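Residue numbers (our numbering), protein chains in the order written: chain B, 125 to 309; chain D, 21 to 504.
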């Protein structure tokens, strides 16, 4: 049913050349970007524990809500002011690809060190959603995070996930759809 | 939405001087950017190379912008980059103050394990234990021993090879084509046999062990532990990952060396991988050759480690470029998930296997061509003096020649030769072969990753050093009258 309506829709309004909406995953190394990438696209990319595995930019397609997205997994970055080659690649990508959505993935346990990048992304005027990942591990070390307060302070959607356990992914997808519907005509 | 936040709702309010500079620069920016003008102004203030270059070309008012930057800079004693980062961080902390509540620290067990894996006094014994059980016992003995014996000794030697030889002899009347497919150097009997029976079990066990270490969070701690030693050889602790990976497959490790931060580190890592890190396939065969005599194994290992440190040290002294700094994420130690490990191992083995099969077949074909045309005999004859200098019989040249097509191929060739060699000869041959020019696959990756000039230079350097070191080792052992 869903696919049928989707097909009809794209048949009526979409010229075949229409560009897919782009969703770019950014964040420090080791925060589970690749896991989320796999969950959004269903494509396998080696998931790794040490920094720098995702050196190459991985691209995949995934359907979120009614929309098919090009999902881009970027090399790890610490700041919008690049030091390493990997960071430079990611910034160039953000500067040139005009993503409809930038999903900043952070590690809940190290939120303090990672939030400055969220602020930078927002200052750059990018359309950001914040995914606070590894919530399970943060809970395990006794940390609680008030996601609503964070969303209010940043004025953007914030979602808590534990991607390795597949937690929060549906909610994340819902937020992506809502956001894109509201902000991208 | 994008780029149009009103000034009074600014997420970060920098100090007055910076805010003024930002506003003034933003007003002067006329070109269109995908980032907000405020962010472009921020990056310009921090003298970001790329953005500055871009603005220089695109902004007519760049000279004015430049003078604003200079004026602002002169008002601070610290670099603007530092000032801006600090203020951004303060804002971030301020936001989080009401968001995060921490009740208890990490578990006792975790912090204890963390401590003992990083402290050198406990960390080095732990590392040795990991190497002994993970690498030697599991990969070396179980993978390269038990499994290889089972597949190669049993399946291939007893069933597949005789059958292939028989069928080939029956169906194909031309001896030259027969030897392409079967017998000593055939595609099936040699190429495929090496790939399936020797390489596959070794690589699979290695990747399993490596994935386990990786997912447990041990590797970053190992990096921290060896950081000081690695600094001496021009690398930082982060390089432990490609170097360790090199014990699995140097080709893949060379690919991974791109995660290192500076060009200098990448070149040093590539060089060390090409020279002194034996891959799992080689390691397995060399272990099998030398482990009968612990003294031989000791001399080989000591010699190769010495070369590794010496060349690394010299490279670090001689290579220009910035010295490495160490900064690495420290994920928590965690219990790895079996399904993740298996999936990871499987995808790696699959990737590796698909990548090497063509090389093995190609190597078999090239060896066949070389044999048929007499090219190999010419090279082997030409290399005889070199072999004599190493104290080896001239047949050993064959091993080195094949070694280039696949390093492990060469080592496995040595295995066939072992009965006719003395202990000293075996050690010299094993050491030289370990150092010798990487296999053709690694060479290709070296060239791809580092460029023609650097790749070729490293290959030539390794070639010369390998034989030079072999000759020195032979002279040393024979003149000291060592018998093994």
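Each residue gets a CB set at the ideal place from its N, CA and C atoms; glycine is no exception. Computed from a predicted model, the values in this text were never measured in an experiment.
Just the C-alpha distance for residue i and residue j, rounded to the nearest angstrom, thanks.
i: residue 374 (chain D); j: residue 380 (chain D); result: 11 Å
i: residue 217 (chain B); j: residue 200 (chain B); result: 12 Å
i: residue 202 (chain D); j: residue 214 (chain D); result: 13 Å
i: residue 313 (chain D); j: residue 156 (chain D); result: 15 Å
i: residue 228 (chain D); j: residue 356 (chain D); result: 12 Å
i: residue 85 (chain D); j: residue 77 (chain D); result: 13 Å
i: residue 292 (chain B); j: residue 283 (chain B); result: 7 Å
i: residue 146 (chain B); j: residue 300 (chain B); result: 11 Å
i: residue 307 (chain D); j: residue 69 (chain D); result: 51 Å
i: residue 119 (chain D); j: residue 477 (chain D); result: 55 Å
i: residue 258 (chain D); j: residue 240 (chain D); result: 8 Å
i: residue 194 (chain D); j: residue 461 (chain D); result: 31 Å
i: residue 180 (chain B); j: residue 406 (chain D); result: 43 Å
i: residue 289 (chain B); j: residue 128 (chain D); result: 24 Å
i: residue 168 (chain B); j: residue 488 (chain D); result: Confidence in residue 168 (chain B) is poor, its pLDDT being 49 and thus under 50, which makes the residue's placement too unreliable to answer from.
i: residue 67 (chain D); j: residue 435 (chain D); result: 59 Å
i: residue 209 (chain B); j: residue 502 (chain D); result: 50 Å
i: residue 269 (chain B); j: residue 335 (chain D); result: 48 Å
i: residue 393 (chain D); j: residue 212 (chain B); result: 51 Å
i: residue 395 (chain D); j: residue 386 (chain D); result: 10 Å
Would residue i count as contacting chain B if we go by Cβ distances under 7 Å?
i: residue 31 (chain D); result: yes
i: residue 66 (chain D); result: yes
i: residue 120 (chain D); result: yes
i: residue 269 (chain D); result: no
i: residue 135 (chain D); result: no
i: residue 54 (chain D); result: yes
i: residue 17 (chain D); result: In the structure displayed, chain D extends from 21 to 504; residue 17 (chain D) sits before or after that span and is not available.
i: residue 231 (chain D); result: no
i: residue 146 (chain D); result: no
i: residue 109 (chain D); result: yes
Would you check if the distance between the CB atom of residue i and the CB atom of residue j is smaller than 7 Å?
i: residue 433 (chain D); j: residue 453 (chain D); result: no
i: residue 296 (chain D); j: residue 260 (chain D); result: no
i: residue 504 (chain D); j: residue 321 (chain D); result: no
i: residue 277 (chain D); j: residue 289 (chain D); result: yes
i: residue 200 (chain D); j: residue 388 (chain D); result: yes
i: residue 438 (chain D); j: residue 310 (chain D); result: no
i: residue 365 (chain D); j: residue 236 (chain D); result: no
i: residue 257 (chain B); j: residue 156 (chain B); result: yes
i: residue 184 (chain D); j: residue 208 (chain D); result: yes
i: residue 160 (chain B); j: residue 277 (chain B); result: no
i: residue 31 (chain D); j: residue 271 (chain B); result: no
i: residue 88 (chain D); j: residue 45 (chain D); result: yes
i: residue 221 (chain D); j: residue 165 (chain D); result: no
i: residue 455 (chain D); j: residue 486 (chain D); result: yes
i: residue 214 (chain B); j: residue 255 (chain B); result: no
i: residue 151 (chain B); j: residue 123 (chain D); result: no
i: residue 54 (chain D); j: residue 219 (chain B); result: yes
i: residue 293 (chain D); j: residue 266 (chain D); result: yes
i: residue 416 (chain D); j: residue 400 (chain D); result: no
When the cut-off is 7 Å and only beta carbons count, does residue i lie next to chain D?
i: residue 247 (chain B); result: yes
i: residue 281 (chain B); result: no
i: residue 243 (chain B); result: yes
i: residue 277 (chain B); result: yes
i: residue 151 (chain B); result: no
i: residue 273 (chain B); result: yes
i: residue 219 (chain B); result: yes
i: residue 214 (chain B); result: no
i: residue 267 (chain B); result: yes
i: residue 223 (chain B); result: no
Looking only at its chain, what residues have a beta carbon closer than 6 Å to the beta carbon of residue i, apart from the 5 residues adjacent to it on each side?
i: residue 279 (chain B); result: none
i: residue 34 (chain D); result: 107
i: residue 192 (chain D); result: 198
i: residue 57 (chain D); result: 46 and 49
If I measure Cβ to Cβ from residue i and keep anything under 8 Å in the same chain, skipping five residues before and after, which residues do I get?
i: residue 217 (chain D); result: 168, 171, 172, 175 and 176
i: residue 173 (chain B); result: In this predicted model, residue 173 (chain B) has a pLDDT of only 36, less than 50, meaning its place in the structure is not dependable; the value taken from the coordinates is given anyway. Only 154 meet the Cβ criterion.
i: residue 465 (chain D); result: 271, 274 and 275
Identify, in the order they occur along the chain, each residue of the same chain with its Cβ nearer than 7 Å to the Cβ of residue i, setting aside the five sequence neighbours on each side.
i: residue 538 (chain D); result: Because chain D in this structure spans residues 21 to 504, residue 538 (chain D) falls outside the shown range and cannot be described.
i: residue 175 (chain B); result: Bear in mind that the predicted position of residue 175 (chain B) carries a pLDDT of just 35, short of 50, making it too unreliable to give a figure here.
Starting from the beta carbon of residue i, find every residue of chain C whose beta carbon is closer than 9 Å, and list them in chain order.
i: residue 292 (chain B); result: The displayed structure is made up of protein chains B and D, and chain C is not among them.
| message | Tell me whether the region 409-423 of chain D and the region 444-452 of chain D touch, counting them as touching only if at least three CB pairs, one residue from each stretch, are closer than 8 Å. | response | yes
| request: Would you be able to state if there are at least three C-beta pairs under 8 Å between the region 96-103 of chain D and the region 224-232 of chain B? | output: no
| request: Mind the definition here: the region 137-144 of chain D touches the region 230-244 of chain B only if three or more C-beta pairs lie below 8 Å; say whether that holds. | output: no
| Quick one: any contact between the region 223-242 of chain D and the region 158-165 of chain D, if contact means 3 or more CB pairs under 8 Å? | yes
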